[in-house]
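So the sequence shown is numbered by our numbering: it starts at 21 and just counts up by one. From the three backbone atoms N, C-alpha and C, an ideal C-beta is built for every residue, glycine too. Written out below as C-alpha cells is the structure these notes cover.
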Amino acid sequence: MTATLTPGAAPNAPTPGSPRVSLDDPPPSRRKKRDLATPFAYIVALVICGITVAPVIYVILGGFRTTAQINRDPAGLPDPWVFDRYLGVFQDPNFWTQFANSTIVAVATTGGVVILGVMAAFVIARYEFYGRTFLFSLFVAGLLFPLTVAVLPLFTMLRSFGLLGNLLAVIAPQIAFALPVTIIILVPFLRAIPAELEDAALIDGAGRFTFFWRVLLPLSWPGLITVGVLAFVASWNAYLLPLLLLGNPATATLPVGVQYFSTAYSQDTAGVLAFTSIAMLPALLFFTLAQRRIVGGLTGAVKG
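In C-alpha cells, the structure reads:
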C-alpha cells in the first residue's frame, strides 16, 4: 500500500479529522506518569493539612464545651454548645492587658525588623564596598545561632541595663534575631530591581535617599510585606523570651498568659482551651489573610 501526497501539503501534515499533536506536548509515557502522580500529591497534601488543622479545630471547639463534656468524651463535639468559657476569657482583665502587651511587642518588632532590614539590605544589595560579602555571610550565620543559646547572656545583659519586666527587653532581641532571615529575603529582592531605574533617577536629579524612598520602597512592597508578616507572627507566638524577661501577668504577652491562666484554672480544661484559641486567633487570621503576599514576596526573592 502506497501513501499519496497532496500537492503543496507537508509530508507530516495531519489529515482532516485526525487529532492534532503539538511538539510541546509531553510523550504519552510522561503524561501517564504525571496523571498518576497528581492524585497521590493531592492525598499527601490533604493528609498534611489534616494533621496541621485538626489540633487547631480541636482547641477551638473545646472552648465551646464544658470540662465535664471533655472528660466524658474527649473527641466529641459540643453538645450542647457552651459560650460561657469564651465570655469568661473576654471578661478577664488580665486577658486585655496581655493582649495589649502582645500587640505592642508584635507591632514594634515588625516595624523595627522592616525598617532596619530594608535599610541594611539596600546597602548590601545596591552598593559595592569592601567586606560586603563578609557582611552578608555574617547575617546568614545568624541563622545558625539559636535563641536558646543566647538566653542567659541576654538575661544578664538586660538585667544590668535595668530592662527586666519592660516590653523593650523583648522587642529589641526579637528584632535582632529576625534580621538575618529578613535580610536574606530582601537582598536578592532589591538586587533584582534594574540598575537602569537608579541611573534614570540620578539623571533626573534624585539623590540616593530619594531613589530609596520614592522608587525602591514602592517596588519592594511584596518583599516588605513578606518579612513583616513573618516577623509579626513570630513575635506574637514568642514564648521563651517573654517568659524569662517579663516575669508577671501584668507585663506578660498572650502566649505566656496562657500558662498563667492554665495554672490558675488548672481544673477548667475548657476555659484553658478557650483562652488558648483566642490567643492564637490574631496571628492565625493575620497569616491566613496575607499568605498570598508572602508567596509573592518569596517568589520574587528566589527569582532575584
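Minimum Cα-Cα distance from Phe209 among the listed residues Leu301, Val138, Pro269, Val127 corresponds to Val138.
In the assembly as shown, Arg92 is an exposed residue. Its beta-carbon has fewer than 16 other beta-carbons within 10 Å. Check the Cα spacing between Val207 and each of Ala198, Leu217, Ala221, Phe156: the tightest is with Phe156.
By a beta-carbon distance limit of 8 Å, Tyr285 contacts Gly291. Their separation comes to about 5 Å. Residue environment: Ile135 is assigned as exposed (fewer than 16 neighbouring CB atoms within 10 Å of its CB, all protein chains considered). Around the CB of Trp101, fewer than 16 other CB atoms lie within 10 Å, so the residue is classed as exposed.
Between the region 251-263 and the region 124-134 there are three or more inter-stretch CB-CB distances shorter than 8 Å, so the stretches are counted as touching. One Cα belongs to Gln89, the other to Leu304, and the distance between them is close to 27 Å. Separation of Leu163 and Thr86 (C-alpha to C-alpha, rounded to the nearest whole angstrom) is 43 Å. Counting along the chain, Phe295 sits inside the alpha helix (DSSP H) bounded by residues 289-309. Annotation: Arg146 to Thr308 spans about 33 Å, alpha carbon to alpha carbon. Counting other Cβ atoms within 10 Å of its Cβ, Pro59 stays below 16 and is therefore classed as exposed. Excluding sequence positions up to five before and after Val125, its CB lies within less than 7 Å of the CB of Leu187, Val190, Ile191, Ser255, Thr273, all in the same chain and listed in chain order.
For Ala258 and Phe110, the gap between their C-alpha atoms comes out near 22 Å. Going by C-alpha positions, Val160 is about 15 Å away from Leu167.
DSSP, reduced to helix, strand and coil, places Trp101 outside both helices and strands of the structure shown, so it counts as coil. According to the DSSP assignment, Glu148 belongs to no alpha helix (DSSP H), since it is labelled neither H nor E. Using a C-beta cut-off of 8 Å, the region 166-186 makes no contact with the region 105-123, since fewer than three inter-stretch Cβ pairs fall below that distance. By the 16-neighbour rule on beta-carbons within 10 angstroms, Phe197 is buried. Ranking Leu260, Leu265, Phe295, Leu217 by CA distance to the CA of Arg179 puts Leu265 first.
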